[in-house]
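Engineer: Can you keep this structure in mind? I'll have questions shortly.
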Amino acid sequence: DAGITQSPRHKVTETGTPVTLRCHQTENHRYMYWYRQDPGHGLRLIHYSYGVKDTDKGEVSDGYSVSRSKTEDFLLTLESATSSQTSVYFCAISEGGTGELFFGEGSRLTVL
Amino acid sequence: AQSVTQPDIHITVSEGASLELRCNYSYGATPYLFWYVQSPGQGLQLLLKYFSGDTLVQGIKGFEAEFKRSQSSFNLRKPSVHWSDAAEYFCAVGAGSSASKIIFGSGTRLSIRP
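Line by line, the protein sequences give chains A and B. Note that the working numbering has the first sequence beginning at 1, numbered continuously upward. Note that the working numbering has the second sequence beginning at 113, numbered continuously upward.
This is how it looks when you write it as structure tokens:
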């Protein structure tokens, strides 16, 4: 299995609080992604990174920010969580855009 | 911007029957296309991918998909399904530099009738 660790795996928080999800990889892959999965919507791309300090927006980036200061870590931050951000968040990595995506186990976030 | 449409939310087929899951994409250039599967309680696994060349691609678990540029489609097929194929299936398209921006469809849930 690809070495991808997401933390925390489960989190319950209140509206208006900041939340940071961490994705850590041991594969030294260049590309890292954050997706959210919601019933009826499949997987939606939030942000992705193509190198240290190189990131780009996805389909649903509003309300989210990311940072990548090291190859192995990709952080997703919700500056002020809202109930609409209740979801399962998946991190994924890839050697290259034409390669296979390897997914983490997911982080379930509940915003009350 | 690229997009993916999976028109079937839920499909039920009998075990042993053939399967076809539909996927339509929108992208201005030659797309990079993928099918992933998510089994209950499991992570996502790549079934197959198309970048160029032969438009019929073979994947794992007996799946295949055919790229049809004229129809902007990349349908997934299997000649005979097994109960273990019950899962959610996602089509995805890669675009941008090195096809690094990978967008998924909304998924099709497959149920198998005994």
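We put the beta carbon where it would ideally sit given N, CA and C, even for glycine. On a predicted model such as this, the values are computed, not experimentally measured, just so you know.
Apart from the five residues just before and just after residue 71 (chain A), which ones in its own chain have a Cβ nearer than 7 angstroms to its Cβ?
Structural biologist: Cβ within range, chain order: 28, 52.
Engineer: Once DSSP output is grouped into helix, strand and coil, what is the label at residue 56 (chain A)?
Structural biologist: Strand at residue 56 (chain A).
Engineer: Between which residues of its own chain and residue 152 (chain B) is the CB-CB distance below 8 angstroms, once the five residues before and five after are set aside?
Structural biologist: Closer than 8 angstroms at Cβ, skipping near neighbours: 198, 199.
Engineer: Taking one C-beta from the segment 183 to 199 of chain B and one from the segment 63 to 80 of chain A each time, how about it: are there three or more such pairs within less than 8 angstroms?
Structural biologist: No, the segment 183 to 199 of chain B does not touch the segment 63 to 80 of chain A.
Engineer: Let's test the definition: count the other Cβ atoms within 10 Å of the Cβ of residue 86 (chain B) and tell me whether it reaches 16, buried, or not, exposed.
Structural biologist: One cannot answer for residue 86 (chain B) here, as it falls past the ends of chain B, which runs 113 to 226.
Engineer: Between the segment 30 to 46 of chain A and the segment 82 to 101 of chain A, are three or more C-beta pairs nearer than 8 angstroms?
Structural biologist: As far as the Cβ criterion goes, the segment 30 to 46 of chain A touches the segment 82 to 101 of chain A, which means the pair count is three or higher.
Engineer: Just to make sure I have the definition right: I need the residues of chain B whose C-beta is within less than 9 angstroms of the C-beta of residue 41 (chain A). Which are they?
Structural biologist: In chain order: 218, 219.
Engineer: Using 10 angstroms around the beta-carbon of residue 154 (chain B), count the other beta-carbons present and answer buried if the total reaches 16, otherwise exposed.
Structural biologist: Classification for residue 154 (chain B): exposed.
Engineer: On the criterion of 16 or more Cβ atoms from any shown chain inside 10 Å, does residue 165 (chain B) qualify as buried, or is it exposed?
Structural biologist: Burial call: exposed.
Engineer: Count the other C-beta atoms from every protein chain shown that fall within 10 angstroms of the C-beta of residue 112 (chain A), then say buried if there are 16 or more, exposed otherwise.
Structural biologist: Its Cβ having fewer than 16 others within 10 Å, residue 112 (chain A) is exposed.
Engineer: If we call anything under 7 angstroms between Cβ atoms a contact, is residue 207 (chain B) one with residue 114 (chain B)?
Structural biologist: Taking 7 angstroms as the Cβ cut-off, residue 207 (chain B) and residue 114 (chain B) qualify as a contacting pair.
Engineer: Is the CB of residue 31 (chain A) under 7 angstroms away from at least one CB in chain B?
Structural biologist: Yes - at least one Cβ of chain B is within 7 angstroms of the one on residue 31 (chain A).
Engineer: Specify the secondary structure class of residue 9 (chain A) as computed by DSSP and reduced to three states.
Structural biologist: If DSSP states are grouped into helix, strand and coil, residue 9 (chain A) belongs with coil.
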